[in-house]
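A short write-up of the structure that comes next.
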Amino acid sequence: MTNQENSTVSPAQKLRTVPVLLTLPFDDPFDYAVPQGMAVPEIGSFVIVPLGNTRRIGVVWEAGASDPVAPERLKPLAEVLDLPLVPEVSRDFVAWVARYTMAPLGSVLRMVVGSPHNLAPPAMQTVYQLAGPPPERMTSAREKVLDVLAEFPNQSATAIMKQAGVSRGVIRGLVEAGTLQALEMPEADPIDDDFNLELMAAQAPTLSDSQAEAAAALVAAGQSGGYSTTLLEGVTGSGKTEVYFEAIADILAQDETAQVLVLVPEIALTNQLLSRFEARFGLHPRAWHSDLRPKERHDHWQAVAKGKARVIVGARSALMLPYANLRLVVIDEEHDPSYKQEEQVIYHARDMAVVRANLGACPLVLVSATPSLETLVNCQRGRYAHVLLPERHGGAVLPEVTAVDMRQQDMPSTRWVSPALYKALAKTLEEGEQSLLFLNRRGYAPAAICRTCGHRLQREGCSAPLVVHRYGNRLQCHHCDYTIPMPRHCPECEAEDSIVMCGPGVERLAEELAGLFPEARIAIMASDNLRSAAESQAFIRRIEEHEIDIVVGTQLVAKGHHFPMLTLVGIVDADLGLSGGDLRAAERTWQQLWQVAGRAGRDERPGRVLLQTYMPEHPVMQALVKGDAEGFYQSEQQEREAQAMPPFGRLAAVILSGRDGSSVDQLARSLAQSIPHQRDIQVLGPAPAPYAVLRGRHRQRFLVKAPLGVNIQQYLRHWLPEAREVKGVRIAIDIDPYSFL
Ligand code: ADP
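Here the sequence shown is numbered in this note's numbering, starting from 8 and rising by one per residue.
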């Protein structure tokens, strides 16, 4: 071998070892030996390797930082899977997310895989084919089966039964007669999504001038062939979805291998968008969310990795899939808090989408009626383009918003519908229109206390209140699955019949309404009674078909729906989201209430919104009443800027948690003593988390505050121990925290 040839062979290949990153919480890949007779797999190959006594999934990775092990001591690779390589852009993305979030590299890789089942080869299935002469006794059912198989051989019993409209017994009879033969075959690979471009063009709506202008901007970004981020902003109903559909249609038409990802915040919205998409594009996109059945998940994952899926509509986890050729990402409702994942790898899908688009040189479109301050400031800084849709499609006008000053209302403390709201509800009912009452509290009452001793009911060793559910019969924790029947005696002082419920949840509000309007059809829309996407859809249909007069809902009602007969929105406790020390409390309240308000009067009928508040002078309430989005953002921005809070400064939270409170306190104290001094960085804490004990774990928090441009991760690496668990105490790092509980 000449020297020159030598230089193209990596040392790993010479030794026939490969680094393999496992889908487990490790920071580095481990080396494995490539057995004799096996070709050295390429970087990005999915492999199975031994670990201890088990076999694990991994991906051949770039060499890590760990010390080399003598090749003879390495375990051999067990298998190389017959799957496309994890593309370089996906590997770079995994590395980027791990570095930024400080999560173990292997935990981020795990999000690419989803579940090990996704990698499995197609399952075997029993299929039937024609094998012998026609049966002696021929029936019309038998004839239909033979016709189906003559045209499409090798089909499963279920498929034959469906097409021929026969029972399983007919197939069995034909097998016994020797006409059909059963054989085992792998299920077919998912078929390629094939869009009918002519149909797509024919289905395109005629856009208004401003919509056409917005669509042209997105299409231009798509055609530039590079990275860009664009905010598409417009009030609810202005046609944002129609506009980004244009950008999707253009990409699909330009490049027949292009893949498009649309992220949505809720599963119910996924299904809604799937139907709408199908109506416009003539093809169902692939869904990706936690509610998929294992087989669907397997098929969709494979279709994404093999480039067969062209359009994916999914929840935040869809961002991590190993796309073969991702050419456009759209994030609908970009301001939605559910894009932040709070467990395991703590990341914000919107922020990471910017990185993914950048690495993959593709455009990203952020869509919202109430953008996040982060995104608006990025537009001001010139990092993102900003496209505005100024009015509602078809000229529907924005609703009139009125504040009801609750300090002036003469009401008993167990009533929540003010006289003004009562009057408006009565009038709406009279006119045969629909109302929506918004209260972002599940259950009957948010807390229960003992009238005798003042004890608030909570699970032993937990600081979250127990919420009263289903008309008062049970108590439930909203942070774990703990549920108990409502006790008759106070667990603290044992007084009998002394427990009282505090405040309203949607169930209690519905009860009050039923008393006020016995004739009205009232229904609750909350996650407790709508457990699946199908249930949500059925409920939405009931509203659309006017089977409900008054909808009482939590934040589930805020998003994306279009109810033509809904003309009154009552916000029962507008101040609810403003309490607590959350940095984004005002912003979130504004976004949520503005979206709920937008449910009123989307069609020809003008809408009305009543806002029950104890703080009508608060900037959020003022902005809502005046419809002054800009004014709100300006005051919010000034406040954050003055305090150097995000997006004008950086935050990271460090959360210690463990079963033993004193070990948690001890580690918190010792970390407090070793806080590295850096002039521009401030570390607050340790302080017990607002929920000091949750799911049996004691919790202490630090908050790190730094100016923009400071590498906060580097600081944390310098300060915190490398291990993520020290003496039974877990250390979680939350970069750019959204939750302060
Ligand atoms: P947004 O996403 O901003 O809430 P949508 O795209 O959902 O708005 O549009 C609101 C409603 O108006 C939808 O029913 C949509 O189909 C309809 N619509 C919007 N623009 C047009 C258009 N140019 N032609 C026909 N219908 C339109």
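Just so it is clear, CB atoms sit at the ideal spot from N, CA and C, and this is done for glycine as well.
Every value quoted in this text rests on a predicted model; they were computed, and no experiment measured them.
- Where M628 is concerned, there is no enclosing beta strand (DSSP E), although the alpha helix (DSSP H) around it starts and stops at P626 to K633.
- Applying a distance threshold of 5 angstroms between residue Cβ atoms and the heavy atoms of ligand 1 selects P212, L214, T243, G244, S245, G246, K247, T248, E249 and H400, given in chain order.
- Where R724 is concerned, the enclosing alpha helix (DSSP H) starts and stops at I719 to W726.
- Along the region 72–148, the beta strand (DSSP E) occurs as fully enclosed runs of 3 or more residues at 131–137, listed in sequence order.
- Under the three-state reduction of DSSP output, P525 falls in the coil class, being neither helix nor strand.
- Assignment of W295 by DSSP, reduced to helix, strand and coil, places it in the strand class.
- When the Cα atoms are used, V616 and E303 turn out to be separated by approximately 42 angstroms.
- Here Q689 carries a strand assignment [DSSP, helix/strand/coil].
- Cβ-Cβ separation between C487 and R706: approximately 14 angstroms, too far for a contact (criterion under 8 angstroms).
- Beta-carbon to beta-carbon, I529 and A521 are separated by about 6 angstroms, close enough to satisfy the 8 angstroms threshold.
- If you look at S217, you'll find it in the alpha helix (DSSP H) that goes D216 to Q230.
- Between R676 and R704, the CB-CB gap reaches or exceeds 9 angstroms.
- Nearest to E350 by C-alpha distance, out of A364, H569 and R323, is R323.
- Of the residues D34, N332 and R80, the one whose Cα lies closest to the Cα of E69 is D34.
- DSSP places M359 in the uninterrupted alpha helix (DSSP H) bounded by A356 to L366.
- Annotated three-state conformation of E191 is strand, per DSSP.
- Inter-segment contact for the region 339–356 and the region 366–378 is present: three or more beta-carbon pairs are separated by less than 8 angstroms.
- Around M192, the same chain offers V134 as residues with beta carbons nearer than 6 angstroms, after the five sequence neighbours per side are excluded.
- Burial state of H476 is buried, judged by a 10 Å Cβ sphere holding 16 or more other Cβ atoms.
- By the neighbour-count criterion, in which 16 or more other beta carbons inside 10 Å mark a residue as buried, G139 falls on the exposed side.
- Boundaries of the alpha helix (DSSP H) harbouring P426: P426 to E437, taken from the DSSP string.
- In the DSSP assignment, P653 falls outside any alpha helix (DSSP H), carrying neither H nor E.
- Cα atoms of R458 and C509: separation of roughly 11 angstroms, rounded to the nearest angstrom.
- No residue range can be given for A376, since it is assigned to no alpha helix (DSSP H) and is classified by DSSP as neither H nor E.
- By the Cβ neighbour-count rule, C469 is buried, with 16 or more other Cβ atoms within 10 Å of its own.
- Nearest to S147 by C-alpha distance, out of A171, A166 and A157, is A171.
- Closest in alpha carbon position to A607, among G577, E554 and P36, is G577.
- At a Cβ-Cβ threshold of 9 angstroms, I319 and V267 count as neighbours.
- Taking a contact as a CB-CB distance under 8 angstroms, the pair L373 and R357 counts as one, their CB atoms being some 7 angstroms apart.
- Taking a contact as a CB-CB distance under 8 angstroms, the pair L748 and A696 counts as one, their CB atoms being some 6 angstroms apart.
- By the criterion of at least three beta-carbon pairs nearer than 8 angstroms, the region 549–564 is not in contact with the region 381–388.
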